[in-house]
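*Asks:* Residue numbers (this note's numbering), protein chains in the order written: chain X, 27 to 424; chain U, 3 to 284.
The beta-carbon is built from N, C-alpha and C at its ideal position, and this holds for glycine as well.
Keep in mind the model is a prediction, meaning the values are calculated, not measured.
There's a structure below that I have some questions on.
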C-alpha cells in the first residue's frame, strides 16, 4: 500500500524533504493551508521531486469560511452560490471550470472532484455527487477523475448507508475514489464498528476495479491494506491524521496552542513524549523502541545515542518526519500479493505491538493518550468482522 | 371450469387432469401436447403492470435452461367472463424439495453438494438472459424420479401467484428466502445476487434443519429486524474440509448484495472449486 502526504499547516519544508527521501510518491494539497502562490510553488516542487500533486478542493461544506480557503478563485463560486453549486447546471459548471483552470496552472493531471460531506447518504447527496461527475468530463477531458466520498462518522457507523454508497458508486464514471471519513474521536478511533465499516467501504470501492485513496489517515489505518486499497494519505498535525470537518471553519491556527513533541515507536504503533523515553533509557528498554532501519527513518537516531532523549535537540520537525517516514515504510511493508498475506501481516503487526507494549509498560513506559494498547482489540475486531464480510470476495478478487 | 372448457381453450392439448395446488392461487392441469406431458397453469388474479407481465412472459419463453421446465406458450384466456393469464410448460413429475425436507429435515452433505450446482447453474441461465427468479425456495424446486432438480414457477410467480406476495408494505418474494433488497424493493439492487441469497438460504436450511432466518422469529417484523441486523452464524458441517462449504454458504447469505458473489457465474465457479476440494480423498 502506498502512502501520500496529506498537506497541512506548516508542511512545505517537510514535503520537500520527505519527497526527496522517498524519491517520488504523491501529495494531496490543501487550499485551506496554502495561499494561491504557495499552492503554485508546492505543485512545482512536488513535480520536480518526481511525485504527483493532487488538489483536494475541500468543498465539504459550502458555508466554510476559513480565511485561507476563501482566497482561492474557485471558492468564489462556492461562496457566491452555496445552495446551487452542487445542483448541476451553470454553477456546477463554473466551479469545475475554475478547478480545471487551477489544475492546469498547477500541472495536475488527475483530479479530485468536489463533493459535500454526507451527513446522511440520501438522494440529495447522491444527486450532488452525480451532478459533479456528469459535468466533470466537459472540463477535464480524458484526465482521470477521483470522486470524493466524504462521509460523516454517523454515516460510517451505519452499514446500510455504507452499502448504499458502494452500490451507487458502481455506476459512477470515474477512475477512482478519494475517501474522507470523519472520525468519531479526535485521533485514534475506539469504535470497531466504525473501523470495520470503513474497511468494508474502501474495499467495496476497490472491488469495483477503481483506484482508492483514503485521506486523513494515521497508523491505525494501516489495516486498510487488508482491503487492497491503493493509497492512504497522512500528515503532520492531528488534523491531517484524522478528518475534522470543523477545521474548514476555524480561522485560528489551533495547532500552535497544542504543540508537543511525540516520538513514534512503529513497532508499538504508539507515540511517546520524550520524558518517557528518558524513563525507558533508565529502565534499560530504550533500545526496544528504536525503529527498524528498514523503515528508512534516520530522523530519530539522535534519541538513541546514549544521552537522555530530553537532553537531545530533537523537536517537532524531526518527530513529524520520523512519523511520516515510518508510516510510509510500514504501509509499503504490508504484503500485497493476496488477501491472506495482507490480513495476516496486519494481525502480526497488532500481535507484535501488543508484545512490545507489554514489555514497555512493565518497565513503566506509557504512551498516555497516544498509546495503541486500547486500540489493538479495536483493530483486531474490525479486521475479524471485515474478513467475515468481505473475505470470500477478496480471496478470489485481489 | 370443466374439461369441456379446457378442450375449447386449449384445443392443441388432450388428456386433461386437474392437479390440486395447495396455494389455491392458480389452477394446474396436467395434459398432453404433441405427445408430451405438459402443465397448464391458469392464474386466478394478477397484480402489477400488465404490460410488464407480458414482457416477462415473453422473456421466460425465450429462457433455455436444463433446470427450468420449458415454456411452450403463454397468453390470456377468458373463463367465466374473466381474463386470466395462462402458461403451458413442460410437466415435471416429482416431489418438491419442501416435501423432501419435511421427510428428513437434515440432509446429508453429499445430497446438498448435488443440489447446489443445479441451483447455481439455473441461476447462471437466468443471468444469461437478464432475468431474476425472485422466488427460489424449497416449494419451487421439484426433484424428479431421476434425482434431477428443476426450478419451477419462474418469473411469473411474483405477479401471478399471490402466495408469493409478502404482507402489505414489503416487496415481492417469500420471507425467509428473499434478501432485504428485494423485500425493500430496492429495484436497482435486485440482480442475480438476490437469487444467490435464496440459494444460500436453501442450502443452509438443508444442512441446518430449519430455515435460519425464520428460526425463533415471532412475526415478519422480527424476521426483517434479524435480517437487517444479524449475520447467520457459520454452519459447522461434518465432513466440511477447512470449513470450505460453510464459508461458501456464508458468502451467499451475506445481508448486503455487495458482499455476495457478484454473479451467478462467479458463485458457480467458486462452488465447483469448493466441491472439488471437498470430494478429494484425504
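#1: Within a Cβ cutoff of 7 Å, which residues of the same chain sit near residue 345(X), ignoring the five residues on either side of it in sequence?
#2: Going by DSSP, what residues sit across from residue 289(X) in a beta bridge?
#3: Beta strand (DSSP E) containing residue 159(X): first to last residue?
#4: Does chain X have any CB closer than 8 Å to the CB of residue 132(U)?
#5: Pick helix, strand or coil for residue 409(X), following the three-state DSSP scheme.
#6: Just grab the DSSP bridge partners of residue 31(U) for me.
#7: Given 8 Å as the limit, is there contact between the segment 259 to 270 of chain U and the segment 195 to 211 of chain U, that is, 3 or more CB pairs closer than that?
#8: When we look at the beta-carbon of residue 88(X) and count the other beta-carbons within 10 Å, is it buried (16 or more) or exposed?
#9: With distances taken Cα to Cα, identify the nearest neighbour of residue 146(X) among 184(X), 105(X), 158(X).
#10: Helix, strand or coil for residue 243(X), going by three-state DSSP, please let me know.
#11: With a cut-off of 8 Å, does the C-beta of residue 401(X) fall near any C-beta of chain U?
#12: Would residue 272(U) count as contacting chain B if we go by Cβ distances under 8 Å?
#13: Would residue 459(X) pass as an interface residue toward chain U - the criterion being a Cβ-Cβ separation below 8 Å?
#14: Using three-state DSSP, classify residue 163(U) as helix, strand or coil.
#15: Tell me, please, which residues DSSP counts as bridged to residue 126(U).
#16: Please confirm whether residue 178(X) and residue 416(X) have their CB atoms less than 8 Å apart.
#17: Is residue 39(U) close to chain X, meaning its C-beta is less than 8 Å from at least one C-beta of that chain?
#18: Return the first residue and the last residue of the alpha helix (DSSP H) that residue 202(U) is part of.
#19: What residues of chain U sit near residue 66(X), judged by a beta carbon separation below 8 Å?
#20: Roughly how far, in whole angstroms, is the beta-carbon of residue 202(X) from the beta-carbon of residue 238(X), given that I think they are within contact range, below 8 Å?
#21: What's the C-alpha gap between residue 14(U) and residue 44(U)?
#22: Let me check understanding here. Comparing Cα to Cα, which of 51(X), 326(X), 348(X), 307(X) lies closest to residue 333(X)?
#23: Using CA coordinates, which residue listed in 212(X), 265(X), 232(X) is at the minimum distance from residue 255(X)?
#24: Considering only their Cβ atoms, is the gap separating residue 76(U) from residue 84(U) smaller than 8 Å?
#25: Quick check on residue 187(U): buried or exposed, where buried means 16 or more other Cβ atoms within 10 Å of its Cβ?
#26: Who are the Cβ neighbours of residue 421(X) in its own chain at under 6 Å, not counting the five residues just before and after it?
#27: Relative to the alpha-carbon of residue 297(X), which residue among 191(X), 392(X), 169(X) has its alpha-carbon at the smallest distance?
#28: Between the segment 232 to 240 of chain U and the segment 90 to 99 of chain U, do three or more beta carbon pairs fall short of 8 Å?
#29: Please work out which residues of its chain come closer than 6 Å, Cβ to Cβ, to residue 108(U), disregarding the five sequence neighbours upstream and downstream, and give them in chain order.
#30: Within 8 Å (strictly less), CB to CB, does residue 419(X) reach chain U?
#31: If we count the other Cβ atoms within 10 Å of its Cβ and call it buried at 16 or more, is residue 252(U) buried or exposed?
#32: From the DSSP output, in three-state form, read off residue 137(X) for me.
#33: Starting from residue 79(X), follow its DSSP beta bridges and name the residues at the other end.
*Replies:* Judging by the given coordinates:
#1: What you label residue 345(X) is simply residue 319 of the first chain in a count that begins at 1. The residues are 287, 288, 289.
#2: On the first chain, residue 289(X) is found 263 positions in, with the first residue counted as 1. According to DSSP, which records beta bridges pairwise, residue 289(X) is partnered with 298(X).
#3: Here the question's residue 159(X) lines up with position 133 in the first chain. Here residue 159(X) belongs to no beta strand (DSSP E); instead the alpha helix (DSSP H) covers 149 to 161.
#4: The count along the second chain starts at 1 and reaches residue 132(U) at position 130. Chain X, which has no Cβ nearer than 8 Å to the Cβ of residue 132(U), makes this no.
#5: Indexing the first chain from 1 puts residue 409(X) at position 383. Reduced to three states, the DSSP call for residue 409(X) is helix.
#6: Looking up residue 31(U) in the second chain gives position 29. Bridge partners of residue 31(U): 20(U), 42(U).
#7: yes
#8: Here residue 88(X) refers to the residue found at position 62 when the first chain is read from its first residue. With 16 or more Cβ atoms within 10 Å of its Cβ, residue 88(X) is classed as buried.
#9: Translated into positions along the first chain, residue 146(X) becomes position 120. That would be 184(X), whose Cα lies nearest to the Cα of residue 146(X).
#10: Position 217 of the first chain holds residue 243(X). Correct three-state label for residue 243(X): coil.
#11: Position 375 of the first chain, counted from the start, is the residue given in the question as residue 401(X). Cβ-Cβ to chain U under 8 Å: no for residue 401(X).
#12: Structure shown: chain B not included; protein chains present are X and U.
#13: Any property of residue 459(X) remains undetermined from this structure, which presents chain X solely from 27 to 424.
#14: On the second chain, residue 163(U) is found 161 positions in, with the first residue counted as 1. Note that residue 163(U) has pLDDT 41, beneath the 50 cutoff, so the model's placement of it is unreliable and no number is given.
#15: As a working note, residue 126(U) is residue 124 in the second chain. None, per the DSSP bridge assignment.
#16: Position 152 of the first chain, counting from 1, holds the residue named residue 178(X). Position 390 of the first chain, counting from 1, holds the residue named residue 416(X). No. Outside cutoff.
#17: One-based indexing of the second chain puts residue 39(U) at position 37. So no, residue 39(U) is outside the interface.
#18: Indexing the second chain from 1 puts residue 202(U) at position 200. That run of the alpha helix (DSSP H) goes 194 to 210.
#19: Indexing the first chain from 1 puts residue 66(X) at position 40. Chain U residues near residue 66(X): none, gap ~41 Å exceeds 8 Å.
#20: For the purposes of this step, residue 202(X) is identified with residue 176 of the first chain, where counting begins at 1. For the purposes of this step, residue 238(X) is identified with residue 212 of the first chain, where counting begins at 1. That pair is a contact at about 6 Å.
#21: Translated into positions along the second chain, residue 14(U) becomes position 12. Translated into positions along the second chain, residue 44(U) becomes position 42. Going from the Cα of residue 14(U) to the Cα of residue 44(U) covers about 16 Å.
#22: Within the first chain, residue 333(X) is the residue found at index 307, counting from 1. Nearest option by C-alpha distance: 307(X).
#23: Walking along the first chain from the start, residue 255(X) turns up at place 229. For the residues 212(X), 265(X), 232(X), the minimum Cα distance to residue 255(X) belongs to 232(X).
#24: Along the second chain, one-based indexing puts residue 84(U) at 82. Along the second chain, one-based indexing puts residue 76(U) at 74. No, Cβ-Cβ distance for residue 84(U) and residue 76(U) is not below 8 Å.
#25: By one-based count along the second chain, residue 187(U) stands at place 185. Looking at its Cβ environment, which holds fewer than 16 other Cβ atoms inside 10 Å, residue 187(U) is exposed.
#26: Along the first chain, one-based indexing puts residue 421(X) at 395. Answer for residue 421(X): 365, listed in chain order.
#27: Numbered from its first residue, the first chain carries residue 297(X) at position 271. Relative to the Cα of residue 297(X), the nearest Cα in the group 191(X), 392(X), 169(X) belongs to 392(X).
#28: no
#29: Along the second chain, read from residue 1 onward, the residue named residue 108(U) stands at position 106. Once the five neighbours on either side are set aside, the close Cβ partners of residue 108(U) are 211.
#30: Numbered from 1 along the first chain, position 393 holds the residue referred to as residue 419(X). Yes, because at least one Cβ of chain U sits closer than 8 Å to the Cβ of residue 419(X).
#31: Start at 1 with the first residue of the second chain, and residue 252(U) comes out as number 250. Buried: at least 16 other Cβ atoms inside 10 Å.
#32: Taking the first residue of the first chain as 1, we reach residue 137(X) at position 111. The answer is strand: DSSP assigns residue 137(X) an E or B state.
#33: Working through the first chain from its first residue, we reach residue 79(X) at position 53. Paired residue(s): 53(X).
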